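J.:
Protein chains in written order, with my numbering: chain A, 1 to 259; chain B, 260 to 684.
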């Protein structure tokens, strides 16, 4: 049975950010993820997490000047900022005990060889930086309809890079929503890329809402994750149709799951 | 229920125009007055337009009100939010369009925002980023002398850049003419250069349809009713919305007593009152009495109550321009206007207490005072009585189900009052 993580950036927005931990736990989640914790001190985040008995599944490294910037990894002139962002994130990783962080690529073209070289360099540097701390670095291809101009918009490119670099703590963040929009053929890609997948995310397509309808049959995909032996988290990165708790009917069979 | 489109309008008139445009395009639409309470019982609708009065207030206030409106809309599942601005881009270099856009964009994490005040059916078009009002550029139009927001620069890329913290780009007509995918590709190139918002050209309605389609890929857009139309067309084409919008507000019938109020002094309204005299009893208030402290509202209600059971009545505070000038000269312009609006609001309240559930109001200021007094948080927008004037069904009103028609002065033909009542069942 998959273990779901509530995405506190998109879910439970009825309450202020720090109160979303309690709201998620109340709704039966045992794990959470979010984009960025950096507006709050690391120990405050850790305290909220532990107070509610939650596991931190994932968060993103600092993105730079959000929302203009979405990371630095593919920006050749921003390597200093990238290094700094890793140091900023580390105390949050330690306070939460998270086992993986998402390295965002940034706004750049894959047709620009300088951007590609910068991305390889940043990815390797970040993975090596976090390895001694027992953390994986995950890379997420994002569809260009929602984020036009984002560097990493191809699952095959991400896969090839991960297989080529052969760094043990470098993994793929497989967002099924993005995969379906980018390429389709989700089940086959999950089967192929499962060995390098470190995190999974879900949402309905095309509305990016609860995974309980529209284009993909999520109950089948959840079963497939079990058949493939996926032991990681499934992040609920969707925009609720209304009140978050009103849309959790799909989640009822999975509430309270622990490893 | 899924809300397909949320809108935040920076003034009430613009909100009404947008809500009417969305309804005519096929979206079941509710317009709210201000940010609604959390527990507003929203009917099944496709779009909600939150009307704010944030066009000319201090930027920080405009930002905080717009953000609460956005949060309310997102909390009801709005996947896309349109920040509705004036089609002449009314704002000073201090805002408020740029600061509100920046704040909403940050909240939505939106990479790039489409911005276009174009509304071709009213003569607002944009080419190479320059806004035209009819045949002249904005800075040569009467808007150059607007008392609150004088518009002296027609280049909206420059205007928005002065207000926003993000880089502003141009999406020009040659790209838009090549269709949605060309626009998507161009946005990707601009976003890659860290452009956070683009002024989009639009000359024909089809340009706005292309922009509407692309905008739905994103969480936020900024525009006038023209972009609202483009978004609505895209939602209808995608079959996200399917029902007949205008009929939604008509069913089930409301019944109850009917009355008309006229506070406007426009030529059109004066003609409409004359015409109504043939089909309903009409009482003319005496503005002198209202201002002298006479209880005209009580007199009007005493006159109306026994007549309501037989059919609709009309109570008018409208006067000829000469009479208006005389009263204003004696009591001052603002005091005269305010006293008459409040008397009309008193009358509206009394009429509703007497069982009126179908109310036609002529006059923009009078309409505002009546809606305030009746504490109506929002309306479901129905079919049009005259161009720009739809039947409205109250949502969340303490009096329960009721229908209204709210008309600014110079709208509608001579038979407006009876036309309205014919459609308000």
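Each residue gets a CB set at the ideal place from its N, CA and C atoms; glycine is no exception. In this text the structure is predicted, and so the values were computed from the model without any measurement.
Quick one: grab the DSSP three-state call for residue 670 of chain B.
T.: What you label residue 670 of chain B is simply residue 411 of the second chain in a count that begins at 1. DSSP places residue 670 of chain B in coil when its eight states are reduced to three.
J.: Do you know how far the Cα of residue 573 of chain B is from the Cα of residue 519 of chain B?
T.: If you number the second chain from 1, residue 519 of chain B lands on position 260. If you number the second chain from 1, residue 573 of chain B lands on position 314. Taking the straight line joining both Cα atoms gives about 4 Å.
J.: Cutting at 7 Å between CB atoms, please list the residues of its own chain near residue 172 of chain A, excluding the five before and the five after it.
T.: Within the first chain, numbered from 1, the residue matching residue 172 of chain A stands at position 172. Hits under 7 Å: 138, 139, 158, 159, 162, 193, 196, 197 and 198.
J.: Answer with yes or no whether the minimum CB distance from residue 96 of chain A to chain B is below 8 Å.
T.: The residue you call residue 96 of chain A lines up with position 96 of the first chain. No, because no Cβ of chain B sits closer than 8 Å to the Cβ of residue 96 of chain A.
J.: Check distances from the C-beta atoms of the segment 438-462 of chain B to those of chain C and list, in chain order, the residues that come in under 9 Å.
T.: The structure shown contains no chain C; its protein chains are A and B.
J.: Taking only beta-carbon positions, decide if residue 147 of chain A is within less than 8 Å of chain B.
T.: Here residue 147 of chain A refers to the residue found at position 147 when the first chain is read from its first residue. Closer than 8 Å to some Cβ of chain B, the Cβ of residue 147 of chain A qualifies, so yes.
J.: Would DSSP call residue 152 of chain A helix, strand or coil?
T.: Working through the first chain from its first residue, we reach residue 152 of chain A at position 152. Coil, per DSSP.
J.: Please compile the residues from chain A whose C-beta is within a distance smaller than 7 Å of the C-beta of residue 476 of chain B.
T.: Within the second chain, residue 476 of chain B is the residue found at index 217, counting from 1. Near residue 476 of chain B (Cβ distances below 7 Å), the residues of chain A are 145 and 146.
J.: In the DSSP assignment, what residue or residues form a beta bridge with residue 7 of chain A?
T.: For the purposes of this step, residue 7 of chain A is identified with residue 7 of the first chain, where counting begins at 1. According to DSSP, which records beta bridges pairwise, residue 7 of chain A is partnered with A:33.
J.: What's the call for residue 324 of chain B, buried or exposed, on a 16-neighbour Cβ count within 10 Å?
T.: One-based indexing of the second chain puts residue 324 of chain B at position 65. That one is buried.
J.: Taking 8 Å as the cut-off, decide whether the C-beta atoms of residue 135 of chain A and residue 101 of chain A are in contact.
T.: What you label residue 135 of chain A is simply residue 135 of the first chain in a count that begins at 1. What you label residue 101 of chain A is simply residue 101 of the first chain in a count that begins at 1. Their beta carbons are under 8 Å apart, which means residue 135 of chain A touches residue 101 of chain A by this criterion.
J.: Specify, as a first and last residue, the run of the beta strand (DSSP E) that residue 203 of chain A falls within.
T.: Looking up residue 203 of chain A in the first chain gives position 203. No beta strand (DSSP E) contains residue 203 of chain A, which DSSP labels as neither H nor E.
J.: In chain order, which alpha helix (DSSP H) runs of at least 4 residues are fully inside the segment 563-635 of chain B?
T.: Those alpha helix (DSSP H) runs which fall completely within the segment 563-635 of chain B and span 4+ residues are 580-590, 592-612 and 623-632.
J.: Below 8 Å, can you find three or more Cβ-Cβ pairs linking the segment 522-533 of chain B to the segment 320-337 of chain B?
T.: No: the two stretches stay apart, fewer than three of their Cβ pairs being nearer than 8 Å.
J.: Is the shortest distance between the beta-carbon of residue 104 of chain A and the beta-carbons of chain B less than 8 Å?
T.: Numbered from its first residue, the first chain carries residue 104 of chain A at position 104. By this cut-off, residue 104 of chain A is not an interface position.
J.: So, helix, strand or coil for residue 413 of chain B, using DSSP?
T.: Position 154 of the second chain, counting from 1, holds the residue named residue 413 of chain B. DSSP places residue 413 of chain B in coil when its eight states are reduced to three.
J.: Check whether the Cβ atoms of residue 308 of chain B and residue 288 of chain B sit closer than 8 Å, and answer yes or no.
T.: Walking along the second chain from the start, residue 308 of chain B turns up at place 49. Walking along the second chain from the start, residue 288 of chain B turns up at place 29. Result yes, Cβ atoms of residue 308 of chain B and residue 288 of chain B sit closer than 8 Å.
J.: Who are the neighbours of residue 370 of chain B on chain A, taking C-beta pairs under 8 Å?
T.: Numbered from 1 along the second chain, position 111 holds the residue referred to as residue 370 of chain B. Ordered by position in chain A, the residues that pass the 8 Å Cβ test against residue 370 of chain B are 67, 70, 107, 146, 147, 148, 149 and 150.
J.: Against chain B, does residue 207 of chain A count as a neighbour if the rule is that its beta carbon must be under 8 Å from one of theirs?
T.: Reading the first chain from its first residue, position 207 is the one you call residue 207 of chain A. Answer yes: the Cβ-Cβ gap between residue 207 of chain A and chain B drops below 8 Å somewhere.
J.: So residue 266 of chain A contacts chain B; which residues on that side make the cut at Cβ distance below 9 Å?
T.: No statement about residue 266 of chain A is possible, as the shown extent of chain A runs from 1 to 259 and does not include it.
J.: Measure the C-alpha to C-alpha separation of residue 342 of chain B and residue 357 of chain B and round it to an integer number of angstroms.
T.: Residue mapping note: residue 342 of chain B aligns to position 83 of the second chain, counting from 1. Residue mapping note: residue 357 of chain B aligns to position 98 of the second chain, counting from 1. Taking the straight line joining both Cα atoms gives about 11 Å.
J.: So, is the C-beta of residue 425 of chain B closer than 8 Å to a C-beta in chain A?
T.: Reading the second chain from its first residue, position 166 is the one you call residue 425 of chain B. Taking Cβ atoms only, chain A reaches closer than 8 Å to residue 425 of chain B, which makes this a yes.
J.: Along chain B, which residues have their Cβ under 7 Å away from the Cβ of residue 224 of chain A?
T.: Here residue 224 of chain A corresponds to residue number 224 of the first chain, with the count starting at 1. Here the premise fails: no neighbours, minimum Cβ distance about 27 Å.
J.: Going by beta-carbon coordinates alone, are residue 640 of chain B and residue 290 of chain B separated by less than 8 Å?
T.: Your numbering for residue 640 of chain B matches position 381 in the second chain. Your numbering for residue 290 of chain B matches position 31 in the second chain. A contact, by the Cβ cut-off of 8 Å.
J.: Starting from residue 689 of chain B, follow the beta strand (DSSP E) in both directions and report where the run begins and ends.
T.: It is not possible to answer for residue 689 of chain B, since the shown part of chain B is limited to 260 through 684.
J.: Looking at C-alpha atoms only, which residue of A:191, A:177, A:209 and A:149 is the closest neighbour of residue 456 of chain B?
T.: As a position in the second chain, residue 456 of chain B is number 197, starting the count at 1. Of A:191, A:177, A:209 and A:149, the residue nearest in Cα terms is A:149.
J.: Residues in the same chain with beta-carbon distance under 7 Å from residue 243 of chain A, minus the five sequence neighbours each way, listed in chain order, please.
T.: Locating residue 243 of chain A in the first chain gives position 243, where the first residue counts as 1. Within the same chain, residue 243 of chain A has close Cβ partners 14.
J.: Check whether the Cβ of residue 594 of chain B lies closer than 8 Å to any Cβ atom in chain A.
T.: Here the question's residue 594 of chain B lines up with position 335 in the second chain. For residue 594 of chain B, the answer is no, since every Cβ of chain A falls outside 8 Å of its Cβ.
J.: Throw me the rounded Cβ distance for the residue 442 of chain B and residue 481 of chain B pair, which I believe falls under 8 Å.
T.: Mapped onto the second chain, residue 442 of chain B falls at position 183. Mapped onto the second chain, residue 481 of chain B falls at position 222. The pair is not a contact, with the Cβ atoms about 16 Å apart (cut-off 8 Å).
J.: Kindly list the residues whose CB is nearer than 7 Å to the CB of residue 64 of chain A, restricted to its own chain and excluding five residues on each side of it in sequence; keep chain order.
T.: Here residue 64 of chain A refers to the residue found at position 64 of the first chain. Correct list, in chain order: 71, 72 and 81.
J.: With a Cβ-Cβ cutoff of 8 Å, do residue 531 of chain B and residue 671 of chain B count as a contact?
T.: Taking the second chain and counting its residues from 1, the one referred to as residue 531 of chain B is at position 272. Taking the second chain and counting its residues from 1, the one referred to as residue 671 of chain B is at position 412. Yes, they are a contact pair.
J.: Name the chain A residues whose beta carbon is nearer than 8 Å to that of residue 364 of chain B?
T.: As a first step, residue 364 of chain B must be located in the second chain, where it is residue number 105. Result: 67.
J.: In chain B, which residues lie less than 8 Å from residue 217 of chain A when you measure between Cβ atoms?
T.: Along the first chain, one-based indexing puts residue 217 of chain A at 217. Here the premise fails: no neighbours, minimum Cβ distance about 19 Å.
J.: Span of the alpha helix (DSSP H) holding residue 260 of chain A?
T.: Residue 260 of chain A cannot be examined here, being either before or after the span of chain A that is shown, 1 to 259.
J.: Do residue 1 of chain A and residue 257 of chain A count as a contact pair if the criterion is CB distance below 8 Å?
T.: For this step, residue 257 of chain A is matched to residue 257 along the first chain. For this step, residue 1 of chain A is matched to residue 1 along the first chain. Yes, these two residues count as a Cβ contact at 8 Å.
J.: In or out: residue 43 of chain A buried (at least 16 other Cβ within 10 Å) or exposed?
T.: Locating residue 43 of chain A in the first chain gives position 43, counting from the first residue. Burial call: exposed.
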